[in-house]
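One structure is given here, and the rest of the page talks about it.
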Amino acid sequence: KEKHKILHRLLQNSTS
Amino acid sequence: YPYCPYPPSLLHIEELCDSIVRSHRDTSQFRLEELQALRWKLFSREEIHAYQSKSVDEMWQHCAVRLTEAVQYVVEFAKRIPGFRGLGQNDQITLLKTGSMEVVLVRMSRCFNTENSTVFFDGKFGSTELFKSLGCGDLMVAVFDFAHSMCALRLTEQQMALFCSLVLINPDRPCLEDRGRVHRMRRDLEVCLSHMLHRDNQESLQHKLYQKVSVLQSLCSLHVEKLHWFSQRYPLTVHSVFPPLYKELFT
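So the protein sequences, as listed, match chains F and C. Under this note's numbering, the first residue of the first sequence carries the number 6, and numbering increases by one thereafter. Under this note's numbering, the first residue of the second sequence carries the number 47, and numbering increases by one thereafter.
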């Protein structure tokens, strides 16, 4: 999970 | 989503098509009309010289930032593909790690002017000479050739949208946990593409599009190969100044 921190965050953000 | 019957109903196909087209339109970095209007805004000799005078690591960093921006739009596109957010996080990441660069390359053909072989970059159009200081001329030529061949297909924005979703939703990617679910999504997208091409009376495009998939994969391997070469020469640049998302995806 740590390895893809930014991707995780981008995926969790709701679509704007 | 996973409970949709197969074959999907015409209504479901049309709704899925509309949804993919909308997602593509809403997450495109540049609008087609905007690109068309800027088509002849070329870099001057001096500007080209300035790019060519950058050091290898400066230019790599610059391009890594631009590429990362393009990838972020692809992530948004993925999130809006019906069913994508229902996949586990691991599978969402797997599909993006292997497919986001491929989609960037497909989308790049929208930013390409075949009349003078230039691409929209940093607000103007430039040819491969702009990227000379990267030190990977073969990759740039291959990417430009690919853009040329994509443009030759003259896809509509709707066809482009569908093709991008097919590139991303690929059940053959290694390390997928729920391959069956990705496979079901892919199957419905394929039905959508066939439906769209049939409607447009352009069925011959289907085979040509599937042929592009292997070219995309070889371009992405070449990119990773070049990055490996670069990171051995400039490990500190990659480590300290490259965008974190770029590193997560490609290193």
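Positions of the beta carbon are idealized from the N, C-alpha and C atoms, including for glycine. As the structure is a prediction and not an experimental result, all values here were calculated from the model.
CA-to-CA distance, residue j to residue i, given in whole angstroms
i                : j                : result
Leu180 (chain C) : Arg245 (chain C) : 43 Å
Ser250 (chain C) : Leu199 (chain C) : 10 Å
Val150 (chain C) : Val117 (chain C) : 6 Å
Asn136 (chain C) : Cys109 (chain C) : 28 Å
Gln82 (chain C)  : Thr114 (chain C) : 23 Å
Asp191 (chain C) : Arg112 (chain C) : 20 Å
Phe130 (chain C) : Arg91 (chain C)  : 45 Å
Lys178 (chain C) : Glu93 (chain C)  : 13 Å
Pro128 (chain C) : Ser101 (chain C) : 43 Å
Met231 (chain C) : Leu176 (chain C) : 39 Å
Leu185 (chain C) : Gly145 (chain C) : 18 Å
Cys210 (chain C) : Thr164 (chain C) : 22 Å
Gly169 (chain C) : Glu80 (chain C)  : 11 Å
Asn216 (chain C) : Val259 (chain C) : 10 Å
Gly134 (chain C) : Asn162 (chain C) : 44 Å
His194 (chain C) : Gln107 (chain C) : 26 Å
Ser264 (chain C) : Phe276 (chain C) : 18 Å
Glu61 (chain C)  : Arg279 (chain C) : 50 Å
His229 (chain C) : Leu208 (chain C) : 16 Å
Pro51 (chain C)  : Asn247 (chain C) : 26 Å
Asp224 (chain C) : Gln138 (chain C) : 10 Å
Lys10 (chain F)  : Ala124 (chain C) : 17 Å
Residue i vs residue j beta-carbon contact at 9 Å
i                : j                : result
Leu84 (chain C)  : Phe166 (chain C) : yes
Thr140 (chain C) : Arg219 (chain C) : yes
Met196 (chain C) : Phe158 (chain C) : yes
Thr297 (chain C) : Val284 (chain C) : yes
Glu122 (chain C) : Thr73 (chain C)  : yes
Leu291 (chain C) : Leu15 (chain F)  : yes
Leu239 (chain C) : Leu212 (chain C) : yes
Leu243 (chain C) : Lys143 (chain C) : no
His253 (chain C) : Cys63 (chain C)  : no
Glu203 (chain C) : Leu78 (chain C)  : yes
Val120 (chain C) : Leu222 (chain C) : no
Ser173 (chain C) : Arg126 (chain C) : no
Met147 (chain C) : Cys266 (chain C) : yes
Gly132 (chain C) : Arg227 (chain C) : yes
Proximity test, residue i beta-carbon vs the ligand GDP heavy atom, cut-off 8 Å
i                : result
Leu201 (chain C) : As far as ligands go, the structure on display features none, and thus does not contain the ligand GDP.
Task: Members of the segment 127-145 of chain C near chain F, C-beta cut-off 7 Å - done: Gln135, Gln138, Ile139, Leu142
Open item on the list: So, does the segment 88-102 of chain C touch the segment 53-69 of chain C, judging by three or more C-beta pairs under 8 Å?
Closed with: no
TODO: Can you check the segment 131-156 of chain C for any alpha helix (DSSP H) of at least 4 residues that lies completely inside it and give the ranges in chain order?
DONE: 135-154
TODO: Using a Cβ-Cβ cut-off of less than 9 Å, give me the residues of the segment 104-121 of chain C that come near chain F, in sequence order.
DONE: Gln118, Val121
Task: 4 or more residues per run - each alpha helix (DSSP H) lying fully within the segment 213-292 of chain C - done: 225-245, 251-279, 281-287
Task: Runs of alpha helix (DSSP H) lying entirely within the segment 73-100 of chain C, each at least 4 residues, in chain order - done: 78-83, 91-98
- [ ] Identify each residue in the segment 282-293 of chain C for which the Cβ-Cβ distance to at least one residue of chain F is less than 8 Å, and report them in chain order.
- [x] Pro290, Leu291
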